[in-house]
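Colleague:
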Amino acid sequence: MSLLWLGIQTIFRPDVLLWIAAGVTMGVVFGAMPGISATMSIVLCISFTYSMDPVVAIAFLAAVYCASITGGSITAIMFKIPGTPSSAATVLDGYPLVQKGEAGRALSVALIGSALGGLVSAIIMFLLTQPLMSLALKFNSAEQFMVCFLGLSLLTFIDSKNKVNTFISGLIGLFLGTVGMDRFSSVPRFTFGNSNLLDGITELPFMLGMFAIAEILSNIHTYVDFSAYSKENQAKLTKLASFKELWSLKWTALRSGVLGTFVGIVPGAGATIASWLSYSIESKMSKTPELMGHGDTHGIAASEVANNAATGGAMVPLLAMGIPGSNAAAMMMTALSIHGVMMGPMLLKAQPEYLSATFTSMILANILMIFISLLVARVFAQVLRVPYYILGTLITMLAVTGCYAYQARPFDIIIMIVGGIFGYYFKKYKFNSTALILGLVLGSDTEYYLRRGLKMKKYDFFRFFERPIFAVLFGVFAVLVIYTFVRYFIDKAKANKQQAVTK
Amino acid sequence: MAEIVFNGLLLIACIVMAIVSTTIPIDGKDVLARYWPMGIMIVLIVLLVIKLVNLIRKLPKGTKFKFDLSFLKEKGNLRLFASFVLLFVYAALLPYGGYILTTILFCLCVMWLLGARKPGKMILGSVCITVALFIVFCWGLRVSLPRGYGPLEQISKWLEYLV
Numbered sequence: 015m016s017l018l019w020l021g022i023q024t025i026f027r028p029d030v031l032l033w034i035a036a037g038v039t040m041g042v043v044f045g046a047m048p049g050i051s052a053t054m055s056i057v058l059c060i061s062f063t064y065s066m067d068p069v070v071a072i073a074f075l076a077a078v079y080c081a082s083i084t085g086g087s088i089t090a091i092m093f094k095i096p097g098t099p100s101s102a103a104t105v106l107d108g109y110p111l112v113q114k115g116e117a118g119r120a121l122s123v124a125l126i127g128s129a130l131g132g133l134v135s136a137i138i139m140f141l142l143t144q145p146l147m148s149l150a151l152k153f154n155s156a157e158q159f160m161v162c163f164l165g166l167s168l169l170t171f172i173d174s175k176n177k178v179n180t181f182i183s184g185l186i187g188l189f190l191g192t193v194g195m196d197r198f199s200s201v202p203r204f205t206f207g208n209s210n211l212l213d214g215i216t217e218l219p220f221m222l223g224m225f226a227i228a229e230i231l232s233n234i235h236t237y238v239d240f241s242a243y244s245k246e247n248q249a250k251l252t253k254l255a256s257f258k259e260l261w262s263l264k265w266t267a268l269r270s271g272v273l274g275t276f277v278g279i280v281p282g283a284g285a286t287i288a289s290w291l292s293y294s295i296e297s298k299m300s301k302t303p304e305l306m307g308h309g310d311t312h313g314i315a316a317s318e319v320a321n322n323a324a325t326g327g328a329m330v331p332l333l334a335m336g337i338p339g340s341n342a343a344a345m346m347m348t349a350l351s352i353h354g355v356m357m358g359p360m361l362l363k364a365q366p367e368y369l370s371a372t373f374t375s376m377i378l379a380n381i382l383m384i385f386i387s388l389l390v391a392r393v394f395a396q397v398l399r400v401p402y403y404i405l406g407t408l409i410t411m412l413a414v415t416g417c418y419a420y421q422a423r424p425f426d427i428i429i430m431i432v433g434g435i436f437g438y439y440f441k442k443y444k445f446n447s448t449a450l451i452l453g454l455v456l457g458s459d460t461e462y463y464l465r466r467g468l469k470m471k472k473y474d475f476f477r478f479f480e481r482p483i484f485a486v487l488f489g490v491f492a493v494l495v496i497y498t499f500v501r502y503f504i505d506k507a508k509a510n511k512q513q514a515v516t517k
Numbered sequence: 138m139a140e141i142v143f144n145g146l147l148l149i150a151c152i153v154m155a156i157v158s159t160t161i162p163i164d165g166k167d168v169l170a171r172y173w174p175m176g177i178m179i180v181l182i183v184l185l186v187i188k189l190v191n192l193i194r195k196l197p198k199g200t201k202f203k204f205d206l207s208f209l210k211e212k213g214n215l216r217l218f219a220s221f222v223l224l225f226v227y228a229a230l231l232p233y234g235g236y237i238l239t240t241i242l243f244c245l246c247v248m249w250l251l252g253a254r255k256p257g258k259m260i261l262g263s264v265c266i267t268v269a270l271f272i273v274f275c276w277g278l279r280v281s282l283p284r285g286y287g288p289l290e291q292i293s294k295w296l297e298y299l300v
């Protein structure tokens, strides 16, 4: 409780509250815009935090992070187009309600559901992070290596569609993490005599390229059609949902909140998987399954509560062990490390005010989000009337200027451009950007802990197994590998059988 | 075919990096300075070869490999390659031309690439975006943006100290 009290003392300052409100507004607007994901929203907002006090920056970015997921539901309901992929399930029940002339009801359930999801996950995050941090403090280098490695591997096991591409992406990320001065021997690696590369591939410019520039490049290649967002297509906001109706959704909200948080904790699973999983569970548990997909508020609540809950879930491994659970969390990690925030178990001991600020600002942002989102929903069609060539140019310039402002180094812009070109082709040929980013973010630490662990164990890898924690983590990894291979062969056998039947 | 070319280029890059990694000096028993990146590269090479073989096997029978530049005739690709060049030119000119002038010109080009064709709106949009970002970053966040040389530097300094 002392941590929560510290958070309240840290956050309840006029400047912090103002930045939280600004963060929520920017997050909702960015999240609702097509082509701007939650990750990109954070990336674009990082540059505003360079000169901020770390607490203000944490509060602002946490607000952007929570609100950008919610913003996606506005366009999903009002225009039948999800602003973020995680709001796709919301369309199924949101838009039929709009067609019945009940846009206000659908939107209020979605926004209050989002806020509840965020609150549930913030509470679970608060309860889980501290014990996990205490556990993580007991880890030695070998176990920290295994945690980083497991975090990366999980992502590969989850993406069942493009396993080879995900492996390749993660490994490219790991390789990029080796560029620069070696942390042990101070020998330059893969710098090719360029002194700018001695510090390695700077994460922020590369991420700005991978997300912001890559998106603009794909819109330059194929023009985007904004006609679906015309003012004529927007539904009018009608009467909001009653308290009685909202109260009837309590079990759906609780179920989806807990589910979303735990899905969010798994690296790579994220808000999109959480919302679809929650929606399918809700349709199975519903007393009136025939109504699902035809304007049932339970469907909207299940999807929106879960996708927002996943944001808090993704913060648990990030705060407790320094392992981001999603792209957006990786972005948060990079952004906060700029401000000197040490992610991982030492955060609780060395910088408790930052940890408490994260919890409190996420709770506050989720409450503020309900009111701000309703206001934004009313004027949203006006925002979308801005032509894309202005919006796209603004995003490009925000990325370029933010990238330069990071270290006042023109070379960072080159890194960003390379990241952009990489990101464009990665998207085009179905590689996994999340795997690459996690590889890049965790690569340096993975190598560092492995080598440090080996040095401490006198270069005998098998001595890593002396402690049960490493053995357990390695066991989890081994089970996952076996499961993946078994699943691959079963799927292949099924496909062959089906092919034979068709012939 | 383009996917095969992209994966092929990745494979070549990985082979080059694997060769470069052999030149990394080793310090005593700590061999991972060299063998960690080399190991990553070897796994990458194996995976990329598997992927390339699969891609080639999926090609329709009778497909012939030939040097074909017809993709450059497609407008979308031309715009894309132009934007690659434009981004690098902007990065190279920024320290010399200063933020304001270079950004206005860059914005004009990006707008054109994004489909804008009305000069009046394009100029107004470019100037507004540049001025807005200059105000936010330079005056609001106290970030020093590139000033350029000669008279451009004097103008930038004057603008910076205006507030």
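Going down the list, the protein sequences come from chains Y and E. 15 is the number of the first residue of the first sequence in this note's numbering; add one for each residue after it. 138 is the number of the first residue of the second sequence in this note's numbering; add one for each residue after it. The beta carbon of each residue, even a glycine, is placed where N, CA and C say it ideally should be.
Inspect the beta-carbon positions of A334(Y) and A150(Y) and report whether they are closer than 8 Å.
Modeller: The residue labelled residue 334(Y) in the question sits at position 320 within the first sequence. The residue labelled residue 150(Y) in the question sits at position 136 within the first sequence. Cβ atoms of A334(Y) and A150(Y): closer than 8 Å.
Colleague: For a quick check, are the C-beta atoms of V43(Y) and M345(Y) less than 8 Å apart?
Modeller: On the first sequence, position 29 is the one that residue 43(Y) refers to. On the first sequence, position 331 is the one that residue 345(Y) refers to. Not a contact, by the Cβ cut-off of 8 Å.
Colleague: Pick from L291(Y), I138(Y), Y463(Y): whose alpha carbon is nearest that of A320(Y)?
Modeller: Residue numbering aside, residue 320(Y) sits at position 306 when the first sequence is read from its first letter. Nearest C-alpha to A320(Y): L291(Y).
Colleague: Could you please give the first and the last residue of the uninterrupted alpha helix (DSSP H) stretch that includes A36(Y)?
Modeller: To locate residue 36(Y), count along the first sequence from 1; it is residue 22. Start and end: 28–46.
Colleague: Going along chain Y in order, which residues have a C-beta closer than 8 Å to the C-beta of V142(E)?
Modeller: Within the second sequence, residue 142(E) is the residue found at index 5, counting from 1. The premise fails here: V142(E) is roughly 10 Å from chain Y at the closest Cβ pair, so nothing lies under 8 Å.
Colleague: For R203(Y), which residues does DSSP report across the bridge?
Modeller: In the first sequence, the residue the question calls residue 203(Y) occupies position 189. Per DSSP, G194(Y).
Colleague: If we cut at 8 Å on Cβ distances, does F484(Y) have a partner in chain E?
Modeller: If you number the first sequence from 1, residue 484(Y) lands on position 470. No, its Cβ sits nowhere closer than 8 Å to a Cβ of chain E.
Colleague: Quick one: list the residues of chain Y neighbouring F208(E), beta-carbon separation under 7 Å, in chain order.
Modeller: Position 71 of the second sequence, counting from 1, holds the residue named residue 208(E). Those do not exist, as F208(E) stays about 12 Å from chain Y at its closest Cβ, beyond 7 Å.
Colleague: Buried or exposed, going by whether 16 or more other CB atoms sit within 10 Å of the CB of Y286(E)?
Modeller: Reading the second sequence from its first residue, position 149 is the one you call residue 286(E). Flag for Y286(E) reads exposed.
Colleague: Can you give me the Cβ contacts of R477(Y) inside the same chain, cut-off strictly under 8 Å, excluding the 5 residues immediately before and after it?
Modeller: For this step, residue 477(Y) is matched to residue 463 along the first sequence. These residues qualify, in order along the chain: K471.
Colleague: What does DSSP give as the partner residues of D164(E) in its beta bridges?
Modeller: Here residue 164(E) corresponds to residue number 27 of the second sequence, with the count starting at 1. BP columns for D164(E) point to D167(E).
Colleague: Below 8 Å on C-beta distance, what does I431(Y) contact in chain E?
Modeller: Reading the first sequence from its first residue, position 417 is the one you call residue 431(Y). Going along chain E in sequence order, the residues near I431(Y) (Cβ under 8 Å) are F221, L224, F225, A228.
Colleague: How far does the alpha helix (DSSP H) with G262(E) in it reach, from first residue to last?
Modeller: Locating residue 262(E) in the second sequence gives position 125, where the first residue counts as 1. Segment 256–271, the alpha helix (DSSP H) holding G262(E).
Colleague: Starting from the beta carbon of T266(Y), find every residue of chain E whose beta carbon is closer than 7 Å, and list them in chain order.
Modeller: Against the first sequence, residue 266(Y) aligns to sequence position 252. The premise fails here: T266(Y) is roughly 42 Å from chain E at the closest Cβ pair, so nothing lies under 7 Å.
Colleague: In chain E, what lies closer than 7 Å to L188(Y) by C-beta?
Modeller: The count along the first sequence starts at 1 and reaches residue 188(Y) at position 174. Here the neighbours are I177.
Colleague: Name the chain Y residues whose beta carbon is nearer than 8 Å to that of I187(E)?
Modeller: Translated into the one-based positions of the second sequence, residue 187(E) becomes position 50. Within 8 Å Cβ-Cβ: V178.
Colleague: For the segment 244–273 of chain E, enumerate the residues whose C-beta is nearer than 7 Å to any C-beta of chain Y, in chain order.
Modeller: Within the segment 244–273 of chain E, the residues whose Cβ lies closer than 7 Å to some Cβ of chain Y are C244, V247, M248, L250, L251, G252, A253, G262, I266, L270, listed in chain order.
Colleague: In chain E, what lies closer than 8 Å to V201(Y) by C-beta?
Modeller: For this step, residue 201(Y) is matched to residue 187 along the first sequence. Those are I161, P162, D164, A170, listed as they occur along chain E.
Colleague: Within the chosen definition, does the segment 155–169 of chain Y reach the segment 463–470 of chain Y through at least 3 CB pairs nearer than 8 Å?
Modeller: The answer is yes - the segment 463–470 of chain Y touches the segment 155–169 of chain Y, with three or more Cβ pairs under 8 Å.
Colleague: Counting only beta-carbon atoms, is L166(Y) nearer than 8 Å to chain A?
Modeller: Among the protein chains of the structure shown, namely Y and E, there is no chain A.
Colleague: Please report how far the alpha carbon of A343(Y) lies from the alpha carbon of M224(Y), in whole angstroms.
Modeller: For this step, residue 343(Y) is matched to residue 329 along the first sequence. For this step, residue 224(Y) is matched to residue 210 along the first sequence. If you take the alpha carbons of A343(Y) and M224(Y), they lie about 15 Å apart.
Colleague: Can you tell me the Cα-Cα spacing of V222(E) and I384(Y), whole angstroms?
Modeller: Taking the second sequence and counting its residues from 1, the one referred to as residue 222(E) is at position 85. Taking the first sequence and counting its residues from 1, the one referred to as residue 384(Y) is at position 370. Roughly 44 Å between the two C-alpha positions.
Colleague: Just checking my contact of A285(Y) with S100(Y) at CB under 8 Å: how many whole Å lie between their CB atoms?
Modeller: The count along the first sequence starts at 1 and reaches residue 285(Y) at position 271. The count along the first sequence starts at 1 and reaches residue 100(Y) at position 86. At roughly 4 Å, the Cβ-Cβ gap stays under 8 Å, so A285(Y) and S100(Y) are in contact.
Colleague: Applying a beta-carbon distance threshold of less than 9 Å, which residues of chain Y neighbour L217(E)?
Modeller: By one-based count along the second sequence, residue 217(E) stands at place 80. What L217(E) touches in chain Y: L231, S232, I234, H235, Y438.
Colleague: Any beta-carbon of chain E closer than 8 Å to the one on E461(Y)?
Modeller: Within the first sequence, residue 461(Y) is the residue found at index 447, counting from 1. E461(Y) counts as touching chain E.
Colleague: Quick check on the DSSP output: what are the complete alpha helix (DSSP H) runs of length 4 or more inside the segment 351–407 of chain Y, in order along the chain?
Modeller: Runs of the alpha helix (DSSP H) inside the segment 351–407 of chain Y: 360–364, 366–397.
Colleague: For chain E, find out if any of its Cβ atoms is closer than 8 Å to the Cβ of L222(Y); answer yes or no.
Modeller: For this step, residue 222(Y) is matched to residue 208 along the first sequence. No, L222(Y) lies away from the interface with chain E (no Cβ there is under 8 Å from its Cβ).
Colleague: Is the beta carbon of Y79(Y) less than 8 Å from the beta carbon of G252(E)?
Modeller: Working through the first sequence from its first residue, we reach residue 79(Y) at position 65. Working through the second sequence from its first residue, we reach residue 252(E) at position 115. It is not a contact, given that the beta carbons lie outside the stated cut-off.
Colleague: Any Cβ of chain Y within less than 8 Å of the Cβ of W276(E)?
Modeller: Position 139 of the second sequence, counting from 1, holds the residue named residue 276(E). No, W276(E) lies away from the interface with chain Y (no Cβ there is under 8 Å from its Cβ).
Colleague: In this structure, how does DSSP classify K175(Y) when only helix, strand and coil are distinguished?
Modeller: Working through the first sequence from its first residue, we reach residue 175(Y) at position 161. Coil at K175(Y), not helix or strand.
Colleague: F93(Y) by DSSP, collapsed to three states: which one?
Modeller: Along the first sequence, one-based indexing puts residue 93(Y) at 79. In the structure shown, F93(Y) sits in coil (DSSP, three-state: anything other than H, G, I, E or B).
Colleague: Which value, in whole angstroms, describes the spacing of the CA atoms of K114(Y) and S128(Y)?
Modeller: Locating residue 114(Y) in the first sequence gives position 100, counting from the first residue. Locating residue 128(Y) in the first sequence gives position 114, counting from the first residue. About 22 Å.
Colleague: If you run the structure through DSSP and keep just helix, strand and coil, what is L251(E)?
Modeller: In the second sequence, residue 251(E) corresponds to position 114, counting from 1. Correct three-state label for L251(E): coil.
Colleague: Comparing C-alpha positions only, which one of I25(Y), T275(Y), A103(Y), Y473(Y) sits nearest to G326(Y)?
Modeller: Residue 326(Y) sits at position 312 when you count from the first residue of the first sequence. Of the candidates I25(Y), T275(Y), A103(Y), Y473(Y), the one whose C-alpha sits nearest the C-alpha of G326(Y) is T275(Y).
Colleague: With DSSP as the reference, label G197(E) as helix, strand or coil.
Modeller: Here residue 197(E) is taken as the residue at index 60 of the second sequence, counted from 1. With the sequence shown as reference, residue 197(E) is identified as Pro, and Gly is not the correct amino acid for it. In this structure, P197(E) counts as coil in the three-state DSSP scheme.
Colleague: With DSSP run on the structure shown, which of helix, strand or coil describes Y227(E)?
Modeller: Residue 227(E) sits at position 90 when you count from the first residue of the second sequence. Three-state result, Y227(E): helix.
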